[in-house]
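*Asks:*
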Amino acid sequence: MIITNKELLINLIEELRKNNLKIVFTNGCFDILHKGHVKYLSEAKKFGDVLIVGINSDSSIKKIKGNKRPIIPLESRIEVLDAINSVDFVIPFEEETPLELISLIKPDIHVKGGDYTIENLPESKLILEYGGEIKIITLVNGFSTTNVVNSILEMNK
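So that you can map any letter, position 95 of the sequence shown is 98 in this note's numbering, and since no number is skipped, the others follow by simple counting.
#1: With DSSP collapsed to three states, give me the class of His113.
#2: Please state whether DSSP places Leu77 in a helix, a strand or coil.
#3: By the three-class DSSP mapping on this structure, what secondary structure does Val90 have?
#4: Candidates Val152, Ile112 and Phe92: which alpha carbon is nearest Ile55's?
#5: Return the bridge partner residues of Asn30 from the DSSP annotation.
#6: Report the rounded CA-to-CA distance for His113 versus Phe96, giving the unit in angstroms.
#7: What distance in whole Å lies between the Cβ atoms of Phe33 and Leu84, which are believed to be in contact at a cut-off of 8 Å?
#8: Please state whether DSSP places Lys9 in a helix, a strand or coil.
#9: In whole angstroms, give me the CA-to-CA distance for Asn70 and Ser60.
#10: When burial is assigned at 16 or more other CB atoms within 10 Å of the CB, is Leu19 buried or exposed?
#11: Could you give the first and the last residue of the continuous alpha helix (DSSP H) run that contains Lys38?
#12: In whole angstroms, what is the alpha-carbon distance linking Glu17 and Ile137?
#13: Among Lys68, Leu129, Tyr119 and Arg72, which residue has its Cα nearest to the Cα of Leu104?
Okay, here's the thing in structure tokens:
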């Protein structure tokens, strides 16, 4: 299910909490979805009952990755993420990091890929302050979106 605004998100979180469901949150650009993402999201879902995925908007990806990104527009990325079985909810966000979303959701578990550590994760302080946990999942060998995109862009020069 795609969540399009904060009011829907707040109502969803209230309902999930009433039912004592463990909420897992992760986020990213998900610019070119591949096998590595599917495995990552599947592993993330194992930490709880509900997986909410925050996805960077096109404008926030441009700020983070430069004007040649995103490769795939937001609507398409959302539709593909929403079709992955382990993903329960998808919500886009405009900021470079999902601090506002995390403040609203207060997930029990926040998951990131192995290219992060708890120390270099911008949202770590917020998550740990409210009592959430952070889990780092090992990257799927050979599946780096950044490397794939950079090689494609390099070939097109």
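Beta carbons: idealized from backbone N, C-alpha and C, even for Gly.
*Replies:* Taking the geometry as given:
#1: The count along the sequence shown starts at 1 and reaches residue 113 at position 110. Note: His113 maps to strand in three-state DSSP.
#2: Position 74 of the sequence shown, counting from 1, holds the residue named residue 77. Helix at Leu77.
#3: Here residue 90 corresponds to residue number 87 of the sequence shown, with the count starting at 1. Val90: coil per DSSP, three-state reduction.
#4: Within the sequence shown, numbered from 1, the residue matching residue 55 stands at position 52. Comparing Cα positions, the closest option is Phe92.
#5: Walking along the sequence shown from the start, residue 30 turns up at place 27. BP columns for Asn30 point to Gly57.
#6: For this step, residue 113 is matched to residue 110 along the sequence shown. For this step, residue 96 is matched to residue 93 along the sequence shown. Computed Cα separation, rounded: 16 Å.
#7: The sequence position of residue 84 within the sequence shown is 81, counting from 1. The sequence position of residue 33 within the sequence shown is 30, counting from 1. At roughly 6 Å, the Cβ-Cβ gap stays under 8 Å, so Leu84 and Phe33 are in contact.
#8: Counting from one through the sequence shown, the residue named residue 9 turns up at place 6. Note: Lys9 maps to helix in three-state DSSP.
#9: Counted from its first residue, the sequence shown places residue 70 at position 67. Counted from its first residue, the sequence shown places residue 60 at position 57. The C-alpha of Ser60 is placed about 13 Å away from the C-alpha of Asn70.
#10: Numbered from its first residue, the sequence shown carries residue 19 at position 16. Leu19 comes out buried.
#11: Start at 1 with the first residue of the sequence shown, and residue 38 comes out as number 35. First-last of the alpha helix (DSSP H) with Lys38: Lys38 to Lys48.
#12: Indexing the sequence shown from 1 puts residue 17 at position 14. Indexing the sequence shown from 1 puts residue 137 at position 134. Computed Cα separation, rounded: 22 Å.
#13: Counting from 1 along the sequence shown, the entry for residue 104 is found at position 101. Measuring from the Cα of Leu104, the nearest candidate turns out to be Leu129.
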